[in-house]
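Accompanying notes for the structure given below.
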Amino acid sequence: MQCDSNNRLNQPAFGEALFDLVRRTACELPEDVEAALKRAHDDEAPESTARVILATFLENMALAREKQVPLCQDTGMPMFFIHHPPGLSLRVMRRVCEEAVARATREQYLRHNAVDPLTGVNSGNNVGKGFPAVFFEEGDDEAVEVALMLKGGGSENVGRQYSLPDDALKAGRDLEGVRRVVLGAVRRAEGKGCPPGILGICIGGDRGSGYLHSKHQLLRPLGDVNPDPALAALEERILREANTLGIGPLGLGGKTTLLGVKIGALHRVPACYFVTVTYMCWEHRRRAIRIESDGAYRFIG
Amino acid sequence: MMRELTIPITEEQILELHAGDAVAISGIATTGRDAAHKYLVDRLIEGQKPLSTEDQRIFNELKKIYRGGAIYHSGPILRNDAGRWSIVSSGPTTSIRDEIYEDKVIAAFGLRVVIGKGGMGPRTLAACKAHKAVYVHGMGGAGVTNARAMVEVLDVFKKEEFGLPEAFWKIRLDRFPGIVTMDAHGRSLHEELGKAFDERLAKLLRGESGG
Chain A
5 MQCDSNNRLN QPAFGEALFD LVRRTACELP EDVEAALKRA HDDEAPESTA
55 RVILATFLEN MALAREKQVP LCQDTGMPMF FIHHPPGLSL RVMRRVCEEA
105 VARATREQYL RHNAVDPLTG VNSGNNVGKG FPAVFFEEGD DEAVEVALML
155 KGGGSENVGR QYSLPDDALK AGRDLEGVRR VVLGAVRRAE GKGCPPGILG
205 ICIGGDRGSG YLHSKHQLLR PLGDVNPDPA LAALEERILR EANTLGIGPL
255 GLGGKTTLLG VKIGALHRVP ACYFVTVTYM CWEHRRRAIR IESDGAYRFI
305 G
Chain B
69 MMRELTIPIT EEQILELHAG DAVAISGIAT TGRDAAHKYL VDRLIEGQKP
119 LSTEDQRIFN ELKKIYRGGA IYHSGPILRN DAGRWSIVSS GPTTSIRDEI
169 YEDKVIAAFG LRVVIGKGGM GPRTLAACKA HKAVYVHGMG GAGVTNARAM
219 VEVLDVFKKE EFGLPEAFWK IRLDRFPGIV TMDAHGRSLH EELGKAFDER
269 LAKLLRGESG G
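For the record, the sequence lines run as chains A and B.
Residues in the first sequence are numbered from 5 upward in steps of one, following the working numbering.
Residues in the second sequence are numbered from 69 upward in steps of one, following the working numbering.
This is the structure we're talking about:
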């Protein structure tokens with residue numbers, strides 16, 4: 005459906021699919037995140053503050069799903085990641101993304117979140133310069149796959165980028181250095197990023213690509229295993245160690261500080277060794293759909 | 069044990085609260101976050117220029133609401149059904165951004181409760197002690213359960229200028245849940261926990277060379 009002979013999108017069908025993606029992402033957490041939160045709840049001591057908080061999270065999740073209202077008032081900057089076949093117009097796809105978020109805003113699935121930094125004026129429809137963010141990747145598949153992430157500002161504010169070596173954390177240019185700055189970032193974020201969080205990390209790249217690649221890591225399912233054994237071991241170790249910090253749900257103490265750690269790597273120039281940490285809050289709102297060439301779509305994440 | 073607080077809240081009630089106590093707050097309050105705090109301090113409390121009629125009206129309204137009352141750091145999602153506003157989703161936002169303002173707001177208005185998330189710093193803690201107020205940590209991210217406790221939207225101030233998330237929404241709370249993390253006795257759970265986090269981080273980093 006996304007192509008006709010002029011390589012044009014079937015815009016109404018594509019728009020419906022994207023609107024449904026936005027709505028569901030705002031209202032329903034993915035199953036892996038829900039399951040991780042339930043495990044975290046069961047792990048905390050009965051009557052503990054951590055358990056009371058996690059019980060509220062579970063209740064919030066169930067209520068949002070039942071009433072089909074946004075889990076959190078901060079629906080963030082919508083980030084679309086689009087895999088598409090050759091020949092489709094990127095400008096048109098971007099416009100359809102904008103229309104989907106504008107409609108979702110009118111129907112109260114998204115908060116008015118796009119603010120002009122110079123005038124302070126809120127656009128009122130979640131469309132602005134660079135807003136929403138849309139990224140494209142061309143592939144050979146005939147279907148279009150769209151992943152969406154809604155990430156609130158509280159967790160976005162505690163993301164950090166380190167340029168190694170880092171003297172304060174005694175972090176050199178190796179995986180031990182990465183481990184040290186990442187644990188430092190988790191400590192520094194404490195309760196401010198709405199833990200238990202999920203870390204997306206990029207080793208290498210430049211300052212721009214590092215942040216983007218760290219966000220790509222957050223699209224991975226919590227239960228996957230990194231294909232690189234060294235990174236898989238580092239993910240496992242940071243997760244285990246961060247959960248000994250005692251920061252806990254909302255930073256008020258507890259066993260579960262992180263639900264997951266996902267690390268990727270990009271080539272760097274010799275002079276630079278960046279470690280970029282993007283912190284996702286407990287309400288990890290990410291969903292993906294696959295839109296077949298006949299126009300049918302289904303959720304794949 | 070859950071402690072019930074009904075606005076207006078007295079000094080005695082505040083002094084009975086201690087860091088770690090769970091509370092449920094009822095009564096009339098407002099939301100207010102970044103733009104609201106800047107306005108409260110720069111324009112209403114410390115403004116050098118005479119207030120416009122509209123600003124004076126808002127100042128008078130807020131004085132009534134905040135005396136013994138509460139401000140909630142939140143930027144809600146709302147619904148408007150034929151002119152009637154209601155709250156759809158409204159969890160707390162990060163409070164520390166208002167650290168440079170909150171002590172002045174507490175002092176000028178006689179606020180008893182500041183609700184937010186992530187905790188606040190030494191200036192706010194000192195103001196809580198001096199003016200008998202507490203900081204209540206809300207359930208971050210739990211927009212829907214919080215909205216359920218925001219049962220009525222009564223009015224709104226500065227909606228056109230600040231936009232929906234940043235406006236002052238005058239709301240009626242019904243058993244709004246939270247945990248006192250900064251009390252009027254000078255105790256901050258955030259400060260105490262932060263020291264413990266530092267010690268555990270130091271232990272993880274001490275003498276480690278990997279492996």
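Yeah, the Cβ is synthetic: ideal placement off N, Cα and C, and Gly gets one too.
Considering only A/Arg55, A/Glu103, A/Thr79, the residue with the shortest C-alpha distance to A/Gln15 is A/Glu103. Non-local C-beta neighbours of A/Arg191 in its own chain, meaning closer than 8 Å and more than five positions away in sequence, comprise Leu249, Ile251, ordered along the chain.
Boundaries of the beta strand (DSSP E) harbouring B/Ile93: 90-99, taken from the DSSP string.
For B/Val181, no CB of chain A lies under 7 Å from its own CB, so it is not counted at the interface with that chain. Secondary structure note for B/His205: its beta strand (DSSP E) is the uninterrupted segment 202-205. At least one CB of chain B lies nearer than 7 Å to the CB of A/Lys196. Taking the Cβ atoms as the reference, A/Gly156 lies roughly 24 Å from A/Gly209, outside the contact range of under 8 Å. Along the segment 85-102 of chain B, the positions whose C-beta sits under 9 Å from a C-beta of chain A are Gly88, Ala90, read in chain order. Flagged as an interface residue toward chain A: B/Arg268, by a C-beta distance shorter than 7 Å. For A/Ala292, the uninterrupted beta strand (DSSP E) segment begins and ends at 289-295. Burial check for B/Thr78: the Cβ neighbour count within 10 Å stays below 16, so the residue is exposed.
For B/Gly143, no alpha helix (DSSP H) run applies, since DSSP gives it neither H nor E. Apart from the 5 residues on each side of it in sequence, A/Val281 sits with its Cβ closer than 7 Å to the Cβ of Gly163, Arg164, Val186, Ala189, Leu203, Ile205, Ser218 in its chain, given in chain order.
The beta carbons of A/Leu154 and A/Pro82 sit closer together than 7 Å. For A/His116, the closest Cβ of chain B is nearer than 7 Å.
Between A/Ile293 and A/Phe303, the gap from beta carbon to beta carbon is short of 7 Å.
The Cβ atoms of A/His87 and A/Glu141 lie closer than 7 Å to each other. Here B/Leu112 has Phe127 as same chain residues with Cβ atoms under 6 Å from its own Cβ, once five neighbours each way along the sequence are excluded. The residues Gly136, in chain order, have a CB closer than 6 Å to that of B/Pro76 in the same chain once the five nearest residues on each side in sequence are set aside.
With distances taken between CA atoms, B/Thr249 lies nearest to B/Tyr203 out of B/Arg268, B/Gly208, B/Tyr203, B/Leu73. Below the 9 Å Cβ cutoff, chain B contributes Ile145, Val156, Ser157, Gly211, Val212 as neighbours of A/Pro74, in chain order.
If you check the CB distance, A/Arg28 and A/Ala108 do not come in under 7 Å.
The DSSP-derived three-state label of A/Val229 is coil. The beta-carbon of A/Ala68 is placed less than 7 Å from the nearest beta-carbon of chain B. DSSP places A/Tyr301 inside the beta strand (DSSP E), whose first and last residues are 301-303. Assigned with DSSP and collapsed to three states, B/Glu84 falls in coil, not helix or strand. Between the alpha carbons of B/Lys185 and B/Thr161 lies a distance of about 6 Å. B/Asp266: member of the alpha helix (DSSP H) spanning 257-273, first to last residue. Annotation: Cβ neighbours of A/Glu63 in chain B (cutoff 8 Å, chain order): Ala210, Thr213. Cβ neighbours of A/Val273 within its own chain (closer than 6 Å, five residues either side excluded): none. Per the DSSP secondary-structure output, A/Cys285 pairs with nothing in a beta bridge. In this structure, A/Glu63 lies away from A/Ala54, with their beta-carbon atoms at least 7 Å apart. B/Gly151 sits in coil when the DSSP states are folded into three classes, being neither helix nor strand.
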